[in-house]
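Accompanying notes for the structure given below.
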Amino acid sequence: MTKVNNTTNKINARNVSLNILTDIFNDKAYTNIAIDRCFSHNEMNKQDRAFITRIVEGTVEHVITIDYIINKFSKTKTRKMKKIILYILRLSVYQIKYMDKVPVSAVCNEAVKLTKKRKFNNLSGFVNGILRNISRNLNDIQYPNEIDEPVKYLSVVYSFPEYIIDLWLEYYDYDTVKEMCINSNKTVKTSIRCNLTKVSNTDLQNQLIDENVHVEEGKLLEYAMKIDNYNNIRSLQPFIEGKFSVQDESSMLVAHLAQPEGNSLVVDVCAAPGGKTTHFAELMKNTGCVDSRDIYPKKLHLIDENVKRLQLNNVTIREYNALETDKSLIEKADIVVADVPCSGLGIISKKPDIKYNIEKKDIEQLIEIQRNILKVVYKYVKIGGILMFSTCTVNPEENIQNVRWFIDNFPFELVDFNDILPDRIGSDTKGYIQLLPGQYDTDGFFIAKLRRIAK
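Take 390 as the starting number for the sequence shown in our numbering and just add one per residue.
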């Protein structure tokens, strides 16, 4: 675990960044978890948090590009370098290439200090030489030719493994894939959902502004906002008071398109961390029941925390495996929400680790799990009731192909929701929608609305 010496007010942000990156690259820790773990154990000001977060997230996000650049200027290739030296070079090259306001001299000097701090005095000249050479020749680096080697070009320039580029090119044209790569690398603002059972949009916005938070209206839904310029979201008074939840607008569309009525029974079968559960509960204005389920006790604790914070009293939380049939629920639910485990290829802008950790065999296993979940949970939907199927990926095998398989094998039909889609979203499909990363300033996300019909 990364710790900072709190005996002084001043920290070495680059050293902290290096420690976090070491956790990520050595132990395959998730970037967001590694950062949060560090921040939760150490007092830092907003500027240090922002600087560290940008270096860590940016280095991970662009690591293929960064390694390509390092290999262009080093006789010792990245795969043969001492790991800590490689990590120092990575975070330094990120600053040189992507952080214009940071002086190159400062980057190089701090890299040398980090090298010496890690007891590699003999390699400080090596590190300094490579970084200064890169900084002098940054604009002259030759990347793969986009015409001759389009897959390698996208991989190197936008830092995506080639197998993901190949996968996307099976289903999308080149320009669309390129746009997905670009948008997946963009820094995104935090999307929040106003809890209309407690506060109006206007009042919430004013309260956030009073805490010097920058607020913008959402792009799709009237109760959505985008925020930035805050230190710790959990320390914001409106968050503490349950006046908003963090949720991407694409995910908000699930409950919006389901249109739950008061006194409905909604079963959320893969509910953690509870964004959809609490959204349904709010739309139902604390009537009916949202049966929120997940297999992992720690994740259920997150749901419970959010439900209590938001002061919702129409939610029940239980540990349950979505792959096991609950006979007490057969044909009881008005709405079943199946936000199934997926490859996560639509949320790379928030979790860049995903693009390096997912493999083709993983996707094949996920598709099997997704279908096995659907084989069970459809039974809970009453005749005429609704099944909302969703993922945070852009892979058609996990999305529309699953829906077609499901309709072919079970008594369900797609429900046209074009008339209740937000105005900005145009769709020529009926009953399902695929959002691509950044398309409406949202994650990549898939939603299908299915109605159970008589056998």
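Built from N, CA and C at the ideal position, the CB exists for glycine as well.
Whose C-alpha, out of V804, D715, Q636, is nearest the C-alpha of I736? Q636
With C-beta atoms as the reference, is K567 less than 9 Å away from G827? no
Determine whether the beta carbon atoms of F389 and N522 lie at a separation below 9 Å. What is shown of the chain runs 390 to 844, which leaves residue 389 out entirely.
Rounded separation between M673 and S548 - CA only: 43 Å
Within its chain, find whatever has a CB closer than 8 Å to the CB of N398; leave out the 5 residues flanking it on each side and keep chain order. In this prediction, N398 scores a pLDDT of 38, lower than 50, which makes its location untrustworthy; the coordinate-derived value is nonetheless stated afterwards. If we look at N398 and ignore the five residues flanking it on each side, it has no Cβ neighbours.
Given a cut-off of 9 Å on the beta-carbon distance, is the pair K578 and K615 in contact? yes
For D815, count the other beta carbons within 10 Å of its own beta carbon; 16 or more makes it buried, fewer makes it exposed. Which is it? The sequence given here places Gly at residue 815; Asp does not occur at that position. Counting Cβ neighbours within 10 Å, G815 comes out exposed, since fewer than 16 surround it.
For E606, report the span of its beta strand (DSSP E) as first-last. 603–606
Sequence-distant residues of the same chain with beta carbon closer than 6 Å to W557, five excluded per side: V566
Suppose the cutoff is 8 Å on Cβ atoms and the five residues either side in sequence are ignored; what does the same chain contact list for M390 look like? For M390, the pLDDT reaches just 44, beneath the cut-off of 50, and the residue's location in the model is therefore unreliable, leaving the point undetermined.
According to the neighbour-count rule (16 or more other Cβ atoms, all chains shown, within 10 Å of its Cβ), is P686 buried or exposed? exposed
Helix or strand or just coil, what does DSSP make of L776? strand
Counted within 10 angstroms of its Cβ, other Cβ atoms place E492 as buried (16 or more) or exposed: According to the sequence as given, residue 492 is Pro; it is not Glu. Label assigned to P492: exposed.
Do the CB positions of I684 and E720 come within less than 9 Å of each other? no
If you draw a straight line from the C-alpha of L654 to the C-alpha of V770, how long is it? 10 Å
So for L625, helix, strand or coil by DSSP? coil
Reference P533; option with closest CA among N526, S544, K764: S544
Check R813 in the structure and name its three-state DSSP category. coil
I771 - DSSP class collapsed to helix/strand/coil: The residue you asked about is not Ile; residue 771 is Lys in the sequence shown. Correct three-state label for K771: strand.
Short of 7 Å in beta carbon distance, which residues of its chain neighbour T442, apart from the five on each side in sequence? Order them along the chain. I424
With a threshold of 7 Å on Cβ separation, who are the neighbours of T454 within its own chain once the five nearest residues in sequence on each side are excluded? V545, V546, S548
Quick check: what's the CA-CA separation for I706 versus K844? 31 Å
How many Å lie between D657 and V726 at the Cα? 5 Å
For T442 and chain B, any beta-carbon pair shorter than 9 Å? Absence of chain B from the displayed structure is noted, only one protein chain being present.
Is the stretch 751–770 touching the stretch 784–792, taking contact as three or more C-beta pairs under 8 Å? yes
In its own chain, which residues sit with a C-beta less than 6 Å from the C-beta of K505, not counting the 5 before and 5 after it? S513
Of the residues N620, L646, I836, which one's Cα is nearest the Cα of H603? N620
Measuring straight from C-alpha to C-alpha, what distance separates T831 and G607? 10 Å
With C-beta atoms as the reference, is I836 less than 9 Å away from N784? no
Between Y829 and S681, is the Cβ-Cβ spacing less than 9 Å? no
For T448, count the other beta carbons within 10 Å of its own beta carbon; 16 or more makes it buried, fewer makes it exposed. Which is it? buried
Residue range of the alpha helix (DSSP H) that I413 falls in? 402–416
Which class does T579 belong to by DSSP, given the choice of helix, strand or coil? strand
Throw me the rounded Cβ distance for the D728 and C659 pair, which I believe falls under 8 Å. 5 Å
Among residues of its own chain, excluding the 5 on either side of S406, which ones have a beta-carbon nearer than 7 Å to its beta-carbon? I441, I444, V445, L480
Check each candidate in N526, I553, I530, S494 and name the one with the smallest Cα separation from V540. I553
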